[in-house]
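So the structure is just underneath, and the comments pick up after that.
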Amino acid sequence: MFPLAVVIGVLVVSMLLGTHVQPAQALPAHPRSCPEGMAVIPGGTYRIGAGGQRPEEGPPAKVRLSPYCLATHEVTNRQFAAFVDATGYRTVAERPLPADQFPDLSDGERAPGSLVFRPLVPEEPVGPMAGWQWVAGADWRHPEGPGSSIDDRLDHPVVQVAYEDAEAYAAWRGAGLPSEAQWEFAARGGLRDQVFGWGDTWDVNRANTWQGPFPYRDSADDGHAGTAPVGSYAPNGYGLYDTTGNVWEWTRDWFAPGHRLLADRRDPRLDDAGASSDPREPGVAKHVIKGGSFLCSPSYCSRYRPAAREAESPDTGTSHIGFRLAAQPLNQPITSSL
Ligand SMILES: [Ca+2]
Ligand SMILES: [Ca+2]
3 MFPLAVVIGV LVVSMLLGTH VQPAQALPAH PRSCPEGMAV IPGGTYRIGA GGQRPEEGPP
63 AKVRLSPYCL ATHEVTNRQF AAFVDATGYR TVAERPLPAD QFPDLSDGER APGSLVFRPL
123 VPEEPVGPMA GWQWVAGADW RHPEGPGSSI DDRLDHPVVQ VAYEDAEAYA AWRGAGLPSE
183 AQWEFAARGG LRDQVFGWGD TWDVNRANTW QGPFPYRDSA DDGHAGTAPV GSYAPNGYGL
243 YDTTGNVWEW TRDWFAPGHR LLADRRDPRL DDAGASSDPR EPGVAKHVIK GGSFLCSPSY
303 CSRYRPAARE AESPDTGTSH IGFRLAAQPL NQPITSSL
């Protein structure tokens, strides 16, 4: 122990010199900050995935993340419209299929369009498409096809965007898309190994999902059938909205069953399309989507859990997939995956 007089002497000298005694764990000189509309996600070590749920989610694997920024909201129709107005960008769903790649299709079959969900009528059998159908003329401005509109949905998440559409928007904003590991860590909201983004108990009022018999009738007990305006439900512990439900969200990772390829790595991501595999459709490289949507019900998919994941073809826009942006902290050296 130092004599009290010596300690006091050091403090006095420090004050005279305009300095102060540093605590053992000094705070960063410049606290991390993020671009407007994004939250600081502190990073750390966690277990991605879950055991005892669906086979593609497990077993859990330890990964480590550097700090990063993630948008607090899904990208809205209003934001995507500003991008299209500024750049003239045409989404994948607005382009006809190229004749040289699809020579066996008629002009009508190559017409622009996208996948749209429509509830089945009572007694209608649930086929493999479970209510999904290809609709010519469906695109981000007409999410359910000709006659539908986003005029009263400008603050809803944009949908009918393929992966390259999400990438193009992100590049225009000077941002990127999150890796699966980043997306899941953020969706957990600071909790560890819990089932939902707020704890272990399901709460229908915490997110926009589906209630009632899927794919027949959504009773909308949560207040919304179809998409909801972003931010309609309580945020998670990191201030992120709609990481549970509303619309699925693209991540930059290619899909492979389980997390073996990410295990024990720092800022892991699966960038190799050749490593992608979906047992249901071998040979087709797909991206990971996360968070579930307004179509997820406890009886049918439950994929609104942070650990849940789905594989989606990058050229597929649908009426329940959107995205959110990620970025590096503004005043940090570039160390991680964005
Ligand atoms: Ca709902
Ligand atoms: Ca979402």
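Each position in the sequence shown, counted from 1, maps to that position plus 2 in my numbering. Virtual Cβ for every residue (Gly too), placed ideally from N, Cα, C.
May I ask you to report which of helix, strand or coil DSSP gives residue i?
i    : result
A113 : coil
E76  : coil
Q184 : helix
A135 : For clarity, residue 135 is Gln in the given sequence; the question names Ala instead. Three-state result, Q135: strand.
A313 : strand
P159 : strand
D87  : helix
F82  : helix
V12  : The pLDDT assigned to V12 is 39, lower than 50, so where the model puts this residue is not dependable; a value taken from the coordinates is nonetheless given after this. If DSSP states are grouped into helix, strand and coil, V12 belongs with the helices.
R66  : strand
D202 : coil
N210 : strand
D141 : strand
Y306 : coil
A173 : helix
A101 : coil
V94  : helix
A328 : strand
A41  : strand
L18  : Confidence in L18 is poor, its pLDDT being 38 and thus under 50, which makes the residue's placement unreliable; the coordinate value appears in the next sentence. It is helical.
If you draw a straight line from the C-alpha of residue i to the C-alpha of residue j, how long is it?
i    : j    : result
G324 : S150 : 18 Å
W142 : D220 : 23 Å
P159 : E251 : 10 Å
L271 : L264 : Reading the sequence as shown, one finds Arg at residue 271 and not Leu. Cα to Cα, the separation comes out at about 7 Å.
L156 : A277 : 37 Å
P98  : H226 : 33 Å
A164 : G115 : 12 Å
V290 : T320 : 14 Å
W134 : Y243 : 27 Å
E96  : D317 : 12 Å
P284 : G241 : 38 Å
T246 : S108 : 40 Å
H350 : D167 : No answer is possible for residue 350: it lies beyond the span of the chain, which begins at 3 and ends at 340.
A258 : R66  : 19 Å
E186 : V137 : 32 Å
P180 : P308 : 14 Å
N210 : R267 : 33 Å
Q162 : A188 : 24 Å
K292 : D87  : 28 Å
G54  : H322 : 26 Å
F296 : G129 : 20 Å
M131 : G110 : 21 Å
S301 : T89  : 42 Å
P57  : H75  : 29 Å
R120 : P127 : 13 Å
E314 : N248 : 17 Å
A329 : E125 : 47 Å
A41  : D106 : 48 Å
E169 : G178 : 7 Å
A287 : D223 : 36 Å
R94  : I43  : The sequence shown places Val at residue 94, not Arg. Going by the C-alpha atoms only, they are around 31 Å apart.
P148 : P217 : 22 Å
T78  : G139 : 20 Å
G11  : S35  : Reliability of the predicted coordinates at G11 is poor, the pLDDT of 42 falling under 50, and no value is obtained from them.
D153 : P231 : 13 Å
Report, in whole angstroms, the separation of the C-beta atoms of residue i and residue j, which I expect to be a contact under 8 Å.
i    : j    : result
Y171 : F104 : Their Cβ separation, rounded to whole angstroms, is 26 Å, which puts Y171 and F104 out of contact at 8 Å.
W256 : D269 : W256 to D269, Cβ: 16 Å. No contact.
G45  : P69  : 4 Å
R208 : A236 : 6 Å
G51  : G60  : 5 Å
Q213 : S304 : Between S304 and Q213 the Cβ distance is about 13 Å, and since that is not below 8 Å, they are no contact.
L72  : Q196 : Contact doesn't hold; Cβ gap of about 19 Å is too wide.
G191 : G239 : 3 Å
K64  : R80  : That pair is no contact at about 39 Å.
E2   : T253 : Nothing can be reported for residue 2: it is not among the residues displayed for the chain, which extend from 3 to 340.
E146 : V123 : Rounded, the Cβ-Cβ distance is 16 Å, inconsistent with contact.
Answer yes or no: does any C-beta atom of chain B fall closer than 8 Å to that of residue i?
i    : result
Q196 : Given the protein chain composition of this structure (a single chain), no chain B is represented.
Cβ of residue i versus every heavy atom of ligand 3: is any distance shorter than 7 Å?
i   : result
E76 : In the structure shown, ligand 3 is absent; the only ligands present are ligand 1 and ligand 2.
**OP:** At 3 residues or longer, and completely inside the region 216–288: list those beta strand (DSSP E) runs for me, N to C.
**Re:** You should have 250–256.
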